[in-house]
Structure formats: C-alpha cells, structure tokens
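2 protein chains.
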Amino acid sequence: MSNAFVKKMKTYTVLTDEDIDALDDACRNSKVYPPRHDLIREGDKPGPVFVMLTGWACRYKMLPEGGRQIVAFMMPGDFCDMHVAVLDEMDHSIATLTEARVASIGRDEMEELIALRPSITRAFWRTQIVDESVLRAWIVSMGRRNAIERVAHLLCELFVRATNIGMLMESSFELPFTQVTLADALGLTPVHVNRVLRELKDQKAIALKRGKLSIIDTLKLANIAGFDENYLHRRMRKAA
Amino acid sequence: MSNAFVKKMKTYTVLTDEDIDALDDACRNSKVYPPRHDLIREGDKPGPVFVMLTGWACRYKMLPEGGRQIVAFMMPGDFCDMHVAVLDEMDHSIATLTEARVASIGRDEMEELIALRPSITRAFWRTQIVDESVLRAWIVSMGRRNAIERVAHLLCELFVRATNIGMLMESSFELPFTQVTLADALGLTPVHVNRVLRELKDQKAIALKRGKLSIIDTLKLANIAGFDENYLHRRMRKAA
DNA sequence: CGCGTTTTTGAAGCCCCTCAAGTGTAGTGG
DNA sequence: CCACTACACTTGAGGGGCTTCAAAAACGCG
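The listed protein sequences derive, respectively, from chains A and B. Here the first sequence is numbered in my numbering, starting from 1 and rising by one per residue. Here the second sequence is numbered in my numbering, starting from 241 and rising by one per residue.
What follows is the structure, given as structure tokens:
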C-alpha cells in the first residue's frame with residue numbers, strides 16, 4: 001500500500017520496485033499540519049519540496065487591498081516545483097485548507113532522485129507540464145467563462161484529478177472547501193458561488209453537502225463547463 | 241552583437257563566451273513567419289523548441305463557441321517549455337502576432353545543451369519558473385482586478401519584460417497589438433479595452449498610437465495596476 | 001445549549017457586455 | 001490625386017451578470 005505520491009507518479013510513468021522504494025523513502029520525513037497553516041509564504045526563500053500525502057492545500061497570492069486569489073489546489077500526490085530553489089524568493093504562498101500530512105524532501109535528496117532515476121525524472125517533468133496546463137486552463141476559465149461554467153469546470157477538474165489518485169467512491173469524493181475558498185479560487189464572491197452551486201444542484205448535475213461532492217450527471221456537468229474531457233486525460237497515458 | 245535569446249539568458253545567469261557561442265549556434269536554424277501564423281496547434285505532437293528572435297507571438301486556447309483566450313505573450317528571447325516533448329500533444333497553440341523571426345532548436349540539440357552546460361540549464365530553469373509566475377499573476381488579474389487595473393497590469397508586465405531585453409527607447413517600445421488581441425488576453429471585450437485605454441490616456445499614464453506604447457507616468461500606472469515592482473525584478477538578479 | 005462559522009436569501013446598483021453605427025487609417029487601383 | 005476597400009478604432013445606448021450590503025437561517029462543536 002503505497003502513498004498518494006507514489007500512486008500519482010505511477011499514473012505518469014512506469015516505475016520499478018526500486019523507484020517506488022526510493023519515492024517512498026523520500027517521503028519518510030512527513031508531518032501533519034492543521035487547516036489554514038502556511039507551509040511557505042510569498043517572499044520566503046524557497047526551502048524543501050513539499051509533497052501532499054493527505055488533505056488539501058492551495059497556492060495563493062494576496063492583493064494589497066486584502067483580497068486573496070487562489071491559483072491552484074493541491075491534493076494528495078501533488079508537490080511543488082522542483083526548480084523553485086533557483087529563485088531568491090517565492091512569488092506565492094502555499095497553505096493547507098484542511099488538516100494535511102505533508103512530506104518535506106530536501107533539495108539535495110531531490111536532486112539525487114533526479115540524477116539517479118530517469119523514470120522518476122520523466123514523471124516529474126510530466127507533472128510540471130500538467131500543472132502548467134492547469135494554470136492555462138484556469139486563465140481560460142477566468143477570461144471566457146461565466147460563473148456557472150467556471151464553477152462546473154473547476155468541479156470537473158477536481159473530479160478528474162480525484163479519480164486519477166483513487167479518491168473516488170461511487171462518483172463522490174471528499175471536497176471540504178468552504179464557499180469562500182471556492183470564491184477565492186474562481187474570482188467570484190462567496191454569495192454568487194452559493195447561488196451557482198444551488199443552480200447546479202437544482203439541475204441535478206451535482207450534490208454537495210457535508211464536504212462531500214457527488215457528481216450526479218457527469219455529462220451534464222462537462223457540457224455546462226465546456227470541459228475538454230481529454231485535456232487532463234491525454235496526459236495520463238503512460239510512457240514506457 | 242548577440243541575439244535576443246542570448247541577451248535574455250544573460251539576465252538570468254552568468255554565461256561564458258563558450259555558453260554564448262553555444263546558444264548563438266543553437267539559433268542558427270531560424271525563419272521569418274508572417275503575422276497570424278500558427279507555429280504549432282493544440283493537439284499537435286510537440287516538435288522542436290521555438291525561440292523568438294524578433295517580433296511578437298502568443299500562446300492561446302480556443303473555446304468551443306469560437307472565443308479565443310490568450311494565455312501568454314512571447315517577445316524576443318522567449319521560448320517554449322523544454323519538456324513539452326514528454327507529452328503526446330500540445331494543450332495550447334502558439335501563433336505569431338506580428339512578422340517574427342523564430343528559431344527552431346531540435347529536441348536532441350536542446351538536451352545536449354542541457355547536459356553539457358550547467359549555466360544554461362540553470363537559466364532555462366529560471367525562465368520556466370518565471371513563466372509560471374507570470375501565469376499565476378495573470379490568474380490574479382483575471383480573478384481580482386477590474387478592467388482598468390487589468391489593462392494597467394498587463395502593460396506594466398510588458399514594460400518590465402521589454403526593459404529587460406533592451407527593447408526600450410525613452411520609456412517607449414513597439415507594441416503592435418490590436419485592441420482585439422489585448423481583449424483576447426485580458427478576458428474583456430474590444431469595446432471595453434478601447435474605453436479603458438482612453439481612460440489611461442486621459443489620466444496621462446500612457447500614450448499609445450501607431451503600435452508604439454509610451455509609459456508617461458510609471459508610478460501612476462503601477463499604482464492603478466497594483467503592480468508589485470518586485471514581482472519580476474526579484475527574479476532578475478543574477479546567480480553566480 | 002450557546003457561540004462562531006458557514007450558508008442562504010433578498011434588494012439595489014454598477015461594471016462590463018451586447019448591439020449598432022460611425023470615424024479614422026492604410027493600402028490599392030483608377 | 002481621389003475612389004474604393006478592408007480593417008481597426010471610437011462612441012453611444014441599453015441590458016444583464018455579478019457585486020455589494022445586510023440580515024437571517026443552518027451548521028458544527030465545545
């Protein structure tokens with residue numbers, strides 16, 4: 001029973017038992033953090049690479065006036081860029097959203113992994129490219145989709161990502177975000193997020209209560225979102 | 241007199257004469273493309289790495305309904321990700337906006353550069369991280385800034401980037417975008433971009449005509465934008 | 001139960017969009 | 001030198017999607 005990190009890497013490339021052991025071992029140094037805990041803050045000097053093992057986190061930026069914009073969600077298996085260390089300081093913050101177990105991998109150990117294990121390196125590249133792809137998809141959402149499409153698109157994205165790491169139980173998964181959190185990610189107000197979620201529930205596309213999201217009608221949700229089913233799938237094919 | 245690519249790499253790291261020659265040589269295979277020419281399209285298999293030598297280009301995604309969202313501008317010195325080749329297909333398209341000279345570097349040659357020249361590798365990492373940082377900044381703009389702030393922020397970004405590669409002449413540089421192009425990047429309508437540009441002109445923050453942008457009042461523009469002067473600068477410090 | 005947080009609902013208003021027409025500005029050919 | 005065309009820019013009027021402000025209801029937890 002390997003951890004979420006290993007599970008995710010396996011979806012990106014073929015790993016030998018030794019690779020798996022190496023990844024497992026790299027996560028030996030993990031810790032549980034409470035909700036709303038900043039792992040690293042904008043302006044800080046980049047430290048170790050963080051790997052999510054359980055729980056949710058997000059990358060975000062604060063605005064001078066006090067607003068917050070979330071720029072990415074992190075779920076089990078996700079980790080932050082390998083190369084941030086070449087920068088003097090972080091351009092954004094990372095915080096837990098729920099209680100979360102997070103592993104810290106030292107820079108040197110990370111570089112050893114990369115140097116010695118080509119399959120792992122390749123999987124790292126893939127995750128980096130996919131993460132970038134998600135950033136671009138968010139820009140498209142913010143720029144060209146209205147509120148209901150935007151919410152639907154985010155839920156589709158999270159649904160696919162949850163599926164990929166085996167978080168899914170009968171079209172449902174734990175999504176313990178407040179509506180304020182969703183609003184911070186979507187560039188909307190919490191009030192409007194509330195109304196849009198109601199609309200999606202009324203249309204019987206989703207059900208959402210007690211932090212558990214159920215996708216009732218996948219096709220309907222994807223249609224509303226204008227979600228390209230392939231956009232994350234395509235990148236899921238394994239490379240030899 | 242080195243090309244824009246070399247000039248940009250120099251702002252990221254210290255390069256030996258040999259490094260510079262290697263970069264110069266890598267760009268030997270270049271070609272001039274007309275405006276609105278797709279260099280690569282969403283769905284295509286990734287090919288060589290493109291390097292902008294002159295002119296402007298953009299990354300963009302099309303929506304089912306026909307809308308276009310530009311997700312990044314590329315100016316001389318910019319190039320596309322080193323690692324896209326690990327993907328089966330592009331998640332976005334790249335097109336010239338003006339006539340542009342673009343070099344194509346083969347995958348094998350790229351990997352040779354990376355394998356043999358640590359300084360160049362490091363500079364590549366930095367550009368990658370900075371590009372990602374810009375993506376995040378765009379998300380913040382789209383999510384939390386109104387139209388005038390958003391336009392101002394984009395102009396600030398382009399101003400800083402133009403400065404870094406020496407495109408600046410007395411606070412002015414060539415920015416031959418149509419207002420439709422700006423709208424496609426900002427998630428606004430061309431009509432509204434027009435009104436906002438007028439407002440910025442009326443406030444004597446900028447002047448813009450015949451494809452030439454002049455920043456009249458840097459501070460005023462940055463204030464309107466809520467532009468963090470450090471956000472790109474910080475990454476500009478050279479590493480030994 | 002009592003308290004803080006989150007969700008829900010309502011009413012009013014503004015920012016930006018939509019639609020539509022008119023005004024440059026280049027480039028072409030007579 | 002002026003028609004003619006194509007394209008980009010400009011301006012106006014009206015409407016709608018989302019915000020803002022405010023308060024009540026529901027939830028979760030000691």
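Just so it is clear, CB atoms sit at the ideal spot from N, CA and C, and this is done for glycine as well.
Check, Outcome
"Would the beta-carbon of B:Cys396 fall within 8 Å of that of B:Phe313?", "no"
"How about the stretch 348 to 362 of chain B and the stretch 149 to 165 of chain A: do they share at least three Cβ pairs that are nearer than 8 Å?", "no"
"Would you please verify whether the beta carbon of B:Pro304 is less than 8 Å from any beta carbon of chain A?", "yes"
"Might you give, ordered along the chain, the residues of its own chain that have their beta carbon closer than 6 Å to the beta carbon of B:Asp318, omitting 5 neighbours on each side?", "Met292"
"Just mark B:Leu356 as buried or exposed, buried being the case when its beta carbon has 16 or more other beta carbons within 10 Å.", "exposed"
"Candidates B:Gly307, B:Pro286 and B:Ile260: which alpha carbon is nearest B:Met322's?", "B:Pro286"
"Output needed in chain order: residues of the stretch 89 to 119 of chain A with a Cβ under 7 Å from some Cβ in chain B.", "Glu89, Asp91 and His92"
"If the cut is a Cβ gap below 7 Å, which residues of chain A does B:Glu397 touch?", "The premise fails here: B:Glu397 is roughly 13 Å from chain A at the closest Cβ pair, so nothing lies under 7 Å."
"Any idea if A:Arg210 is buried or exposed, counting beta-carbon neighbours within 10 angstroms, 16 or more meaning buried?", "exposed"
"Please list the partners that A:Gly77 has in chain B, where partner means a Cβ-to-Cβ separation under 8 Å.", "Within chain B, no residue comes near A:Gly77; the closest Cβ sits about 18 Å away, beyond 8 Å."
"Taking Cβ to Cβ, would you say A:Arg244 is nearer than 8 Å to A:Tyr12?", "With chain A represented from 1 up to 240, any question about residue 244 of chain A goes unanswered, as that position is not in the structure."
"Assess contact between the stretch 454 to 467 of chain B and the stretch 374 to 394 of chain B, defined as three or more Cβ pairs (one per stretch) separated by less than 8 Å. Is contact present?", "yes"
"Is the CB of B:His323 under 8 Å away from at least one CB in chain A?", "yes"
"Just checking: is the beta-carbon of B:Lys481 within a distance shorter than 8 Å of some beta-carbon in chain A?", "The structure shown does not extend to residue 481 of chain B, since chain B is modelled only from 241 to 480, so the question has no answer here."
"What would DSSP say about A:Cys58, mapped onto helix, strand or coil?", "strand"
"Is A:Val86 buried or exposed, if buried means 16 or more other CB atoms sit within 10 Å of its CB?", "buried"
"Is B:Ala462 close to chain A, meaning its C-beta is less than 8 Å from at least one C-beta of that chain?", "no"
"Report yes if the C-beta of A:Val102 is less than 7 Å from at least one heavy atom of the ligand SAM; otherwise report no.", "In terms of ligand content, the structure shown is empty, and the ligand SAM therefore cannot be addressed."
"Nearest to B:Cys320 by alpha carbon, out of B:Thr338, B:Gly306, B:Glu410 and B:Ile345?", "B:Ile345"
"What does the Cβ neighbour count give for A:Val180, buried or exposed, with the cut at 16 atoms within 10 Å?", "exposed"
"Taking B:Ala465 as the reference, which of B:Ala425, B:Ser381 and B:Arg435 has the closest Cα?", "B:Ser381"
"Alpha carbon to alpha carbon, how far is A:Asn3 from A:Arg136?", "28 Å"
"In three-state DSSP terms, what is A:Ala239?", "Its pLDDT being 38, under 50, A:Ala239 is placed unreliably by the model, and nothing is read from it."
"Does the beta carbon of B:Leu375 come closer than 8 Å to any beta carbon on chain A?", "yes"
"Between B:Ile280 and the rest of its own chain, which residues show a CB-CB distance below 7 Å, the 5 nearest in sequence each way excluded?", "Gly287, Met330, Ser333 and Ile334"
"How is A:Gln203 classed by DSSP in three states: helix, strand or coil?", "coil"
"Since A:Thr96 and A:Pro176 should fall inside the 8 Å C-beta cutoff, what is the C-beta to C-beta distance between them, to a whole number of angstroms?", "With a Cβ gap of about 11 Å, A:Thr96 and A:Pro176 do not count as contacting."
"Could you tell me how far apart the beta carbons of A:Ala147 and A:Ser30 are, in whole angstroms, since I believe they sit closer than 8 Å?", "About 38 Å separates the two Cβ atoms, so there is no contact after all."
"The beta strand (DSSP E) with A:Thr96 in it runs from where to where?", "Ser93 to Thr96"
"Counting only beta-carbon atoms, is B:Glu234 nearer than 8 Å to chain A?", "Because residue 234 of chain B is not part of the residues shown, which for chain B are 241 to 480, the question remains open."
"Which runs of the alpha helix (DSSP H) fall wholly inside the stretch 132 to 203 of chain A and span at least 4 residues, in chain order?", "147 to 164, 179 to 186 and 190 to 202"
"Would you say B:Val326 faces chain A, with C-beta separation under 8 Å as the test?", "yes"
"Check for me: the beta strand (DSSP E) holding A:Lys212 runs from which residue to which?", "Lys212 to Ile215"
"So what does DSSP say about B:Thr253, is it helix, strand or coil?", "strand"
"Please confirm whether B:Gly466 has its beta-carbon closer than 8 Å to some beta-carbon of chain A.", "yes"
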